Amino acid sequence: MSDLAVTLRDLEKRFGDFVAVNRVSLDVKRGEIFGFLGPNGAGKSTTIRMLCGILQPTAGSGTVAGFDIVRQPEEIKKNIGYMSQKFSLYEDLTVEENIDFYSGIYRIPDAKKKDRKEWVIRMAGLTEHRASKTAILSGGWKQRLALGCAVLHEPPIIFLDEPTSGVDPISRRNFWDLIYHLAGGGVTVFVTTHYMDEAEYCDRLALIYRGELIALGTPAELKTRFMEEEIVEVRCSRPQDAMEIIEAIPGIGHAALFGRTLHVVAQRADESIPAIRESLAAGGFTVDGIERIVPSLEDVFVSLIEARDRETTPQQEFSR
Amino acid sequence: MKLQRVAAVARKEFIHVFRDPRSLGMGIAIPMLLLFLFGYALTLDVDRVPLMVWDQSATPESRDFISRFAGSRYFTLAGRVGTYREIEIAIDRRDVLMALVIPTDFARKLRTGAQAPVQLILDGSDSNTATIALGYAEAATSAWSRDVILEQSRRFGPVPAAGIVDVRPRVWFNTDMVSRNYIFPGLIAVIMMVIAALLTSLTVAREWETGTMEQLITTPLRGAELIAGKLIPYFAIGILDLVLSVLVGDFFFDIPLRGSLWLLFAMSLIFLTCALAFGLLISIVTKNQRLASQIAMVTTMLPAFLLSGFIFPIENMPPPIQAVTHIITARYFVTILRDIYLKGVGLGVLAPEAAFLAVFGVVVLALAVKKFRKKVE
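Pasting the structure below:
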């Protein structure tokens with residue numbers, strides 16, 4: 010195997026007239042945590058399913074662990090762990106029974122079986138619930154158990170499709186600790202998400218929107234290189250009312266609420282800052298501070314999507 | 053095919069069945085319920101036909117004639133009347149099935165050796181029962197007539213020994229001609245067909261619906277391994293049903309088992325394979341529990357009941373329908389079970405049926421493996 014765990018070349022998937030994934034090309038290096046970021050319906054799950062060999066691409070090609078996704082899907086399945094968006098273990102089976110089942114499916118040798126099972130139970134923090142049916146487990150526990158079952162056979166590559174959707178923040182943080190732990194052991198992690206904070210945890214990110222790859226790079230690269238505009242943070246009284254006034258100023262793209270502050274997209278921050286200060290003073294707002302900041306991933310994402318929407322005729326958003 | 057994976061799937065399926073009261077009920081309670089319900093209720097024998105009598109003759113002869121009916125187990129005397137109007141009302145109310153009208157000149161005609169007509173009025177709305185009841189009445193009448201003739205001849209001289217053909221019937225296999233003995237083996241076949249196909253028709257579809265299949269198809273598990281693993285627990289249920297059925301037949305209904313019990317089980321295994329594989333094929337193709345169970349109902353339950361010869365004799369069907377019955381697996385198993393139960397025949401006679409079922413089972417299994425795709429749509 011080369012040092013590339015996953016390669017995609019012009020990968021395309023159509024459902025009738027709808028293009029779910031539009032000629033996506035990218036490479037994922039071994040041992041990398043690769044984030045696939047995009048809104049719902051952007052084509053993230055469709056891409057991951059094609060990579061796992063369970064969905065036939067319409068066109069293009071790809072390899073996973075050196076095997077062709079169209080011609081060698083069964084070889085790929087020996088080398089990956091997959092965790093789908095929806096909890097897909099058996100709810101009427103206990104934690105241990107689910108682990109035993111997947112141990113059997115992955116043909117874990119008897120000598121290793123017990124160790125792997127204990128490892129999963131400890132990792133998922135389910136020692137006290139090992140004999141409980143999974144139906145009664147909370148979301149966070151279910152996710153960790155599902156991850157455990159997906160990596161029982163110690164695959165070199167794991168695909169996680171929105172692993173933390175619907176899980177509380179503490180569980181999410183714990184889950185990402187597990188992902189780091191796995192990546193530290195040399196496992197390649199391909200993870201989709203629409204949480205911006207999670208995207209920050211990734212080594213590299215691909216932004217996907219309406220089936221198309223719109224940006225690719227490390228989180229730092231995305232924030233500095235892909236952003237044409239600059240971001241100005243405004244702290245003032247009545248930010249909601251201030252938004253309208255600021256957006257009316259020439260050279261300003263748009264403003265968005267970030268907690269109690271406003272993030273304003275400006276073509277040139279040094280020109281816009283005095284203009285904003287003037288307008289707000291004229292409107293009777295108390296201004297606590299205006300400064301240029303490093304954009305967050307969300308700023309980058311919103312700005313890239315808006316740029317894309319301006320240049321392409323909108324295709325109907327379609328969620329599947 | 054890796055045994056470890058088959059075993060993992062089978063173990064998991066066993067747990068599903070034992071934890072789900074519905075599938076346990078469907079697999080064991082319903083078959084037993086059907087067995088008792090049909091065993092007790094479904095009988096084609098007609099006996100104790102309620103009979104009404106209008107004896108206009110009122111003579112020793114007419115009373116003797118009536119007692120021939122009343123004393124038979126095939127009739128019960130439901131009452132005596134004096135007008136046609138009363139007979140009509142009784143038949144309308146379904147109080148009686150037939151009425152016997154003996155004319156005033158009955159005894160006089162008999163004494164003179166003339167023919168003595170009597171009238172029999174039948175409720176023909178249930179033609180099958182009416183035909184059978186009519187047969188009983190004719191038999192009772194001719195038996196009585198023969199006795200009268202013999203009596204009269206004895207009075208006038210020596211009994212003419214020759215001249216009367218006497219049929220001495222001897223019924224083989226179902227000696228008492230109890231229809232339950234005939235129905236019960238067929239009933240086992242129908243129940244096994246329906247339960248086996250219905251239960252398995254849900255298993256693969258359920259995994260697609262709950263999303264667990266999406267996880268399974270990303271593993272190295274093969275279609276044949278999944279199918280084999282899923283069949284094993286339902287095989288066990290099918291065999292359990294068969295054992296219970298044979299026991300119920302023996303202890304509750306006194307159904308004689310003349311043939312080999314081992315042959316019965318061997319044949320049942322072949323048939324179970326057909327039925328289970330057929331259910332799985334439906335499940336694999338539809339990927340939807342509701343649709344799968346409906347298709348299983350229509351393609352197994354209806355033909356098993358109507359076209360297998362279980363109740364309705366295939367010989368009486370129009371030729372095109374008879375041709376259709378050749379592809380109904382239950383038909384062969386009904387024949388096999390009846391032959392083993394009632395005739396006690398061996399494999400030599402049953403080989404063609406067994407061969408058909410074996411080929412059908414293998415073809416359906418192969419089709420199920422072929423149709424199972426490790427892909428999402």
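Protein chains in written order, with this note's numbering: chain S, 10 to 329; chain B, 53 to 429.
Cβ atoms here follow ideal geometry from the backbone N, Cα and C, with glycine treated the same way.
Nothing here was measured: the structure is a model prediction, and the numbers come from that model.
What would DSSP say about residue i, mapped onto helix, strand or coil?
i, result
"P112/B", "helix"
"V61/B", "helix"
"V245/B", "One point to set straight first is that residue 245/B is Met, not Val, in the sequence displayed. M245/B: helix per DSSP, three-state reduction."
"C211/S", "coil"
"Y126/B", "coil"
"T262/B", "helix"
"T72/S", "strand"
"L309/B", "coil"
"L149/B", "coil"
"P248/S", "helix"
"F225/B", "coil"
"L271/S", "strand"
"L216/S", "strand"
"Q333/S", "Nothing can be reported for residue 333/S, as the shown portion of chain S is limited to 10 through 329."
"G33/S", "It should be pointed out that residue 33/S corresponds to Val in this sequence rather than to Gly. V33/S falls in the strand class under three-state DSSP."
"D144/B", "helix"
"Y286/B", "helix"
"V397/B", "coil"
"Q171/B", "strand"
"I302/S", "strand"
"H68/B", "helix"
Quick check: is the beta carbon of residue i nearer than 7 Å to any beta carbon in chain B?
i, result
"K86/S", "yes"
"L411/S", "Since the first residue shown for chain S is 10 and the last is 329, residue 411/S is missing from the structure and cannot be characterised."
"I166/S", "no"
"V28/S", "no"
"S93/S", "yes"
"R181/S", "no"
"F235/S", "no"
"I108/S", "no"
"K22/S", "no"
"I114/S", "yes"
Would you please verify whether the beta carbon of residue i is less than 7 Å from any beta carbon of chain S?
i, result
"P285/B", "no"
"Q341/B", "no"
"E259/B", "no"
"T351/B", "no"
"K423/B", "no"
"I67/B", "yes"
"T271/B", "yes"
"V256/B", "no"
"T264/B", "yes"
"A60/B", "yes"
Do residue i and residue j have their C-beta atoms closer together than 7 Å?
i, j, result
"L161/S", "R125/S", "yes"
"L20/S", "G75/S", "no"
"F66/B", "P365/B", "no"
"G268/S", "N31/S", "no"
"I307/B", "F236/B", "yes"
"F310/S", "F199/S", "no"
"L17/S", "L35/S", "yes"
"I63/S", "K427/B", "yes"
"G79/B", "L251/B", "yes"
"A159/S", "Y91/S", "yes"
"T201/S", "K53/S", "yes"
"K151/S", "F110/S", "no"
"A265/S", "H272/S", "yes"
"S179/B", "D97/B", "no"
"M245/B", "A318/B", "no"
Return the bridge partner residues of residue i from the DSSP annotation.
i, result
"F330/B", "The partner list for F330/B (beta bridge, DSSP) is empty, contrary to what the question assumes."
"T201/S", "F45/S and D170/S"
"I255/S", "The partner list for I255/S (beta bridge, DSSP) is empty, contrary to what the question assumes."
"D186/S", "DSSP, once it has assigned bridges, lists no residue as partnering D186/S."
"T270/B", "Paired residue(s): none; T270/B is not in a bridge."
"V101/B", "F127/B"
"W106/B", "V153/B"
"A224/S", "L216/S"
So residue i packs on residue j, CB below 8 Å; how close in whole Å?
i, j, result
"G149/B", "V105/B", "The amino acid at residue 149/B is misidentified as Gly; the sequence shows Leu. With a Cβ gap of about 13 Å, L149/B and V105/B do not count as contacting."
"T271/B", "I114/S", "5 Å"
"D101/S", "R71/B", "5 Å"
"V241/S", "S305/S", "Rounded, the Cβ-Cβ distance is 13 Å, inconsistent with contact."
"E105/S", "A140/S", "6 Å"
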